[in-house]
Structure formats: structure tokens, C-alpha cells
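Read the structure below first, then the notes.
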Amino acid sequence: MKIVPTLLGFSAVLGSSFQTVYGAATQEQWKRLGESLQGRLHPATPLSAPCFSVVNGKQVPRNESACREVQQGYTNPDFRFPRANARMILQWETCMRTSEGCLLDSLNPDNSAAWVGKDCKQGSIPPYFIEVAGPEDVQKAFDFAKKTGTYLSIKASGHDYKGRSSLPGSLSLWTANLKSMSYSKTFTPEGGNKTHAAVTLGAGATTEDIYKFADENKFTFVGGYAQTIAASGGWVAGGGHSVLSPVYGLGVDRVLEFKVVTPDGKYRTANEFQNQDLFWALRGGGGGTFGVVLESTMLVEPVMSLRVASISVPQNPDNAHQFLSLIINETYKWNQEGWGGHMTSVSLINVNPLLTLKEAQKSMKPITDFALVNNGTSVVEELPSWQAFFTKYVLSAQAVIGQPTIMGSRLMPTELFKTDQGRAQLLNITFTELTQYKTDPYIILGMPTVYKYTEGSTSITPAWRKASFQLGGSVRYSWNSTVSDIVQIYREVTERTQLARAIAPHSGAYFNEGDLYEPNHEVAFWGDNYPRLLKIKKKYDPEGILDCWQCVGSRGLTDPRFSCYLPLL
Ligand SMILES: Cc1cc2nc3c(=O)[nH]c(=O)nc-3n(C[C@H](O)[C@H](O)[C@H](O)COP(=O)(O)OP(=O)(O)OC[C@H]3O[C@@H](n4cnc5c(N)ncnc54)[C@H](O)[C@@H]3O)c2cc1C
Ligand SMILES: *[C@@H]1O[C@H](CO)[C@@H](O)[C@H](O)[C@H]1NC(C)=O
Ligand SMILES: *[C@@H]1O[C@H](CO)[C@@H](O)[C@H](O)[C@H]1NC(C)=O
Ligand SMILES: *[C@@H]1O[C@H](CO)[C@@H](O)[C@H](O)[C@H]1NC(C)=O
Ligand SMILES: *[C@@H]1O[C@H](CO)[C@@H](O)[C@H](O)[C@H]1NC(C)=O
Ligand SMILES: *[C@@H]1O[C@H](CO)[C@@H](O)[C@H](O)[C@H]1NC(C)=O
Ligand SMILES: *[C@@H]1O[C@H](CO)[C@@H](O)[C@H](O)[C@H]1NC(C)=O
């Protein structure tokens, strides 16, 4: 089938203006799809459109009150999550290659320079979306895509750093309203014979929803470090680290079952007992690739108290050098003790479910002492639950959203932490990141270091199992950065990430948080698992109906659907 950009106007059908959709669907086919979905097919213009008086080339009245709402919520994840046309990482609302989009100034959303005399362009926001209510909706979308060549994309929260929940001209399957949650002390995977304490989560259940539900039902959920990540979405599919992962494993280790519609239109249960190949692929092969997950079931833990260390020193090069040296020196020991956490060159918030408070204070003593003599602060305390930790620490420390952000990272092998030479190399590159690349190293202690892994049970790169921390860093840019500025930043992030690749050439990277231009990404994200993942992709999606950037079996830049990605590989 010929896939060409087609201008489709169906204002009569959906009340929308003319927008570009890829595919050969006729108005009649769109109309029938809309009818069969009973009002769940919607047009979308960009989030900030109400602030503009020209939208996709057409004069429109500005909507002052709607614009004000967008300005107020611009960098708030809770504002963005329930909006199908919003992304958390803002370049994915734009077409980077043409610089077209509809952004406000994230640092000052009231800045009228962003909209006065400017055209709000659709960018990478899919012009139509289905508010998915159940498996039949997804089956209809796959059928429609096969018949008409319309591109599909899948969005839960829009947290993806690589734009994989956006796709220009596509029909978006928006799963955010699948918010069901149920807890069972005796969950049995279909076809299995053992029970587990587990929670079953709709594809739109967010971390903050789940943590609250867990607190109310007296269990602990091992999840991500932000409010609105969809735990059944891209988070678990790509790996899913938590600060509790050192002890309790990654998202992929803890999932017991997925309910998923595969591109052949079948609604399947994938677990250890049926569709085992698909289950394995969904445990690390990445979101947006093997099907649309409607729900997942994950192991839970009892309510637990946590020891928390929150330590920081004033930002200056001397402090940063010493602080990095200290945390690199301590990491191997911390790994054994079960610490997880997030660290920068001058701060850390680490969490431990195993040590007593006294042991935790002793374990952190070298850093505490350093902080206290350098005008820093150190708190090592005990909190009664994950919810108490999340509320007190994570809400104010989660990564910034609502701005264009470029990320690169590497899983740093434990071997390096065992020798003076390895630690010296780690200090060298982290300090170089800070001083030469002006990027604060962002270090995540979230590798499953104490956790007992069942060999071969997941499809992420085995490098995760041999790593001590993830070394990353992100750079933000602005609403009016030029294409050449953006190209420059991507290049620098790739170059900076290369420092870490150079000292850890046989390790890998996290699919969800790696470099957009990761060289040899199949090996970096999946290692030896890639050939089997590719076979499974071909089995369930032989026509490649689903395709996303650097996903298993992706056509990459040769496919027109990726024409908004900068061709930098
Ligand atoms: C502020 C912030 C904090 C983060 N913190 C963490 C963290 O603590 N731990 C961690 O591991 N990662 C973290 N991440 C990275 C996160 O795991 C990824 O961004 C992940 O892709 C988010 O998944 P999502 O479904 O919420 O996002 P989306 O952008 O909606 O989707 C991500 C990918 O999954 C696909 N997808 C989504 N839902 C489905 C579905 N139902 N079926 C099939 N495919 C689907 C999408 O098509 C896309 O390819 C963070 C990211 C941000 C921006
Ligand atoms: C402006 O937006 C608000 C939603 O914020 C909506 O209720 C109202 O109908 C819009 N007004 C016009 C004139 O479109
Ligand atoms: C439970 O399932 C496992 C794996 O399929 C099997 O080896 C075992 O015999 C089963 N046990 C019972 C009691 O049925
Ligand atoms: C700590 O702060 C005090 C007062 O601001 C200053 O005089 C002192 O030099 C600082 N000490 C260090 C180690 O930075
Ligand atoms: C870290 O360990 C090295 C030896 O491997 C040592 O030389 C260095 O001083 C230590 N760093 C700090 C800040 O104590
Ligand atoms: C890192 O190592 C390189 C090569 O040995 C050296 O040239 C550079 O100065 C070091 N940088 C830092 C910040 O230590
Ligand atoms: C971008 O916007 C900022 C804030 O409005 C302004 O200070 C800056 O000059 C602009 N840069 C360019 C390249 O237009």
C-alpha cells in the first residue's frame, strides 16, 4: 500500500480543522471508525493552541481562559497527564527537524513572544486519538491501520525521552484512562498453580495513584521516581528501575502477567505459562513494539519502613570533586547493603529497606562528615513507609518536566568500582561531564544488586545485572532554540555519553533513558537478547504495524514516519 501524507478534512465528522494524517483512509472510513468507537475517536490540536491566533495555518480566536490554564499547568505533570495532546518532554510536541511546534516559554509561560505573530503547528502531536476503553478499541485500530496504512502510536503518560509516544500524522492509542487497580493476596497467573501477593494495574494507572492505593491497602509497590509514570506502560516494558530495585528487582523482574492486544488483533494473556515468548519480550523489549498492553499484574511487598539519607553540599568545583570521589568510593559497599537512590555531584537522596537506622547512619558517615565540615546538610532518618518517603522527598526532587530535555546515560559495571584504577576513571569522567560539558552527572542507584535474578527471565541487556549505577545527565533547551542549537546539544550529549562508553565498552544502556543517538543501540539496550526479540517481533507483528525510534525491528530513518527526528546517526 502506498503511504502518503493525505490532507483529510472531516470537520463534518469530528469538528476539527484540516490536518495532515498519514495513510490512505477515506473520509468514509474515518467516519465509520468514529461511529464504531462511540465517541472515543477525537481530533487533537497542540496543548498550547488556545494561546495562539493562528493554528495550523488557520486564523482562530484566542481563548484567553483556556490559555491561562495551560500557562498555569505548563510544568506540572498532573496537568499534563490527563491531556492526550500533551507530552512531558517537550521536543516531542514539536517536529525537531523543521522546528515546527506550538511551545510556550517553559521558564515563563506568560511570555507572549512565544505566540504573538507565531503560527501554532501540529508538530509531532498525533492529529487524532482514540481514548482506549478496552481491547476492542485497540483491535479496531489495528484493523483500520492494516486496511488504510494509517500510522499508529501509543501514549500513556507521555514521559518518553525519545518521543516514542508521539508520531506526526498518526492515530494515537491513548491509554491514560485505563486506571483500574486491584489488589489480591492470592493472585494466580492464568494457567499457573502458585499464588502471589500482587496488584493488577490498568495501563493508565500512574505511580502516584498506585502508591496511594498501596498505602491504603497496606502493601508496598516498587515503582519509579516521579508522579505520573504509567507503571504498566513504557516503564515496565523497558526495564523499570526504582530506588527499591537493588533489593526487590526491576519492574521487569516483578511483573507476573500482561494482558495485551498484539498487532494480529488477538487479545492475549502473556505470563510464564502461556505466550511465554511474548511475556519474555514484554519484560524489557520496550513499549510501543509488541502490542498494546491493557493491564499488567506485578508482585507487591508488605508495608516497610525505610532509612533515608538526604545529604548535600554547596555547589562548587572543589565540593563536587570530593563528593563525587566519595560516592564513587562508597558505591560498591552501598550496593551490597541494599541502598538505592539518586545522586548528583553535590547531593544525594538514598533509601535503604534492609539496614537499621544505626547501621544506615554508620554507612553514610563518610558523606555526612564531609557535608558537615563543608557547610552542607545531612539528614539520615527513618520513615514508616514508601508513601511517607515519596511525599516527603520525591515530590520535590523528581526530574523536571514541561521543557525540551535531552538525555544520555550508561550502566556502569561493578568491576570498575572494585579497583583504584576503575574508580579513578569514574571520577575522571563524572568530573569532566561537570566541568567540560557543564552537565551535572545524574547517578541512579537502581540496579538489582542484591536481588536474586532468575537467569534468562527478562530481555533487557544482561549488563543491568552486572552494573552498580546508571550514569546519566540531561540538558534542557528553550522554546525558541534553533535547529542548529538543538543539533549541537544532541551531538554534545552523544559525545559526553561516549566518555562513559569508553570506560565501559562491554556494558550497555537503559532503553528508556539512553542517548537518542546511541551507537549500535540494539547491542547497547538488549545485548545478546536482541536476535530473539527480533524473531518475536516478526512473529506477532510481521507487517511492522507498530514502529518507534530504536525499538526492536524499527525501520529507523529510512521510514517517513521518523522524518521529524534529526538525521544525526
Ligand atoms: C520525570 C521522569 C522521571 C522518570 N523516572 C523514572 C524512574 O524512576 N525509573 C525508570 O525506570 N524510568 C523513569 N523514567 C523514564 C520512564 O521509564 C520512561 O519515560 C517510560 O517510557 C515512561 O513510560 P510511560 O508509559 O509512562 O510513557 P509514554 O511516553 O506514554 O510511553 C513510553 C513508551 O511506551 C509505549 N507505551 C505506553 N503505554 C503502552 C501500552 N499500554 N502498551 C504498549 N506500549 C505502551 C509508548 O508507545 C512509548 O513507546 C522517567 C522519565 C521522566 C520524564
Ligand atoms: C475556552 O476554553 C474553555 C475551556 O478552558 C471552554 O470552556 C470555552 O468554551 C472556550 N471558549 C471558546 C469561545 O471556545
Ligand atoms: C505447578 O506448576 C509447575 C510448573 O508448571 C509444575 O512443575 C508443578 O508440578 C505444578 N505443581 C502442582 C502442584 O500442580
Ligand atoms: C562556611 O560558611 C561560613 C559562613 O558563610 C564561611 O565563613 C566558611 O568559610 C564556610 N566554610 C566552608 C568550608 O566552606
Ligand atoms: C577515594 O578512594 C581513593 C583510593 O581509591 C582515594 O585516593 C581517595 O582519596 C578517596 N576519596 C575520598 C574523597 O576520600
Ligand atoms: C581525565 O583523564 C584524561 C586522560 O588521562 C586527562 O587528560 C584529563 O585531564 C582527566 N580529566 C579530569 C577531570 O581528571
Ligand atoms: C529566546 O527567548 C528568550 C526569552 O524570551 C530571549 O531572551 C532570547 O533572546 C530568545 N532567543 C532567540 C534566539 O530568539
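Add 20 to a position in the sequence shown, counting from 1, and you land on the number used in the numbering used here.
Glycine residues also receive a C-beta, built at the ideal position from the N, C-alpha and C atoms.
From a predicted model like this one, the values you see are computed outputs, not experimental measurements.
If you compare alpha carbons, which of the options is closest to residue i?
i: S262; options: S126, V414 and Q508; result: V414
i: F343; options: G360, T578, D98 and I463; result: I463
i: A301; options: G576, Y560 and Q91; result: Y560
i: M108; options: S173, T114 and T95; result: T95
i: G396; options: Q456, P334 and G360; result: P334
i: E236; options: V136, W255, S68 and S405; result: S405
i: S325; options: K238, Q294 and R303; result: K238
i: G271; options: Q407, Q294, R581 and V219; result: V219
i: P407; options: I145, F241 and S574; result: The sequence shown places Gln at residue 407, not Pro. Considering only alpha carbons, the answer is F241.
i: Y181; options: S583, S479 and Q423; result: Q423
i: L276; options: V366, I145 and T317; result: T317
i: W255; options: C584, D548, L566 and N532; result: N532
i: S345; options: S365, G358, V572 and I480; result: S365
i: D548; options: G304, D505, W50 and A329; result: G304
i: T226; options: N213, E113, E475 and F101; result: F101
i: K472; options: Y530, K438, F489 and Y268; result: Y268
i: K438; options: A417, S488 and Y457; result: S488
i: T459; options: P433, L491 and T478; result: L491
Please report how far the alpha carbon of residue i lies from the alpha carbon of residue j, in whole angstroms.
i: Y287; j: V281; result: 4 Å
i: P66; j: V323; result: 41 Å
i: L34; j: K555; result: Here L34 scores only 36 on pLDDT, less than 50, and its place in the model should not be relied on; the value that follows carries that caveat. Using only the alpha carbons, I get a separation of about 40 Å.
i: Y497; j: A234; result: 37 Å
i: Q111; j: L123; result: 9 Å
i: V400; j: N349; result: 19 Å
i: H465; j: W359; result: According to the sequence as given, residue 465 is Leu; it is not His. Going by the C-alpha atoms only, they are around 7 Å apart.
i: I506; j: A544; result: 24 Å
i: V136; j: V74; result: 9 Å
i: F409; j: G243; result: 13 Å
i: D98; j: T248; result: 7 Å
i: A483; j: L431; result: 7 Å
i: L127; j: S416; result: 17 Å
Which residues in the same chain have their Cβ closer than 8 Å to the Cβ of residue i, if we skip the five residues on either side of it in sequence?
i: Q445; result: L436 and I523
i: Y510; result: I426, L536, Y537, L586 and L588
i: P337; result: L454 and T455
i: I347; result: M363, L368, I387 and I463
i: T502; result: S119
Along the chain, where does the alpha helix (DSSP H) containing residue i start, and where does it finish?
i: G93; result: E84 to G93
i: Y268; result: S265 to Y268
i: Q296; result: Q296 to L302
i: L454; result: D440 to T455
i: A408; result: W406 to F409
i: L392; result: K385 to V393
Suppose the cutoff is 7 Å on Cβ atoms and the five residues either side in sequence are ignored; what does the same chain contact list for residue i look like?
i: G224; result: A176, T195, A196, N197, L198, K199 and A250
i: V158; result: V152, L193, V281 and V312
i: L403; result: S325, L326, V328, F409 and K412
Just to confirm my understanding: we take residue i, look at its own chain, exclude 5 residues before and 5 after, and list those with CB closer than 6 Å. What are they?
i: I331; result: L368, I387, A391 and S398
i: Q570; result: H541
i: T469; result: P266 and N355
i: T206; result: T215
i: L298; result: A290
i: G573; result: L554 and K557
Run through DSSP, which three-state label would residue i get?
i: I331; result: strand
i: R430; result: strand
i: I347; result: helix
i: D579; result: coil
i: Y471; result: coil
i: A529; result: coil
i: K205; result: strand
i: Q508; result: helix
i: V400; result: strand
i: W194; result: strand
i: V24; result: Any reading at V24 must be qualified, since the residue scores a pLDDT of 33, below 50, and its modelled position is unreliable; no value is offered.
i: V366; result: coil
i: I230; result: helix
i: V572; result: coil
i: A251; result: helix
i: A218; result: strand
i: P97; result: helix
Assuming residue i is part of the beta strand (DSSP E), what are its boundary residues?
i: N291; result: Y287 to N291
i: S488; result: A487 to R496
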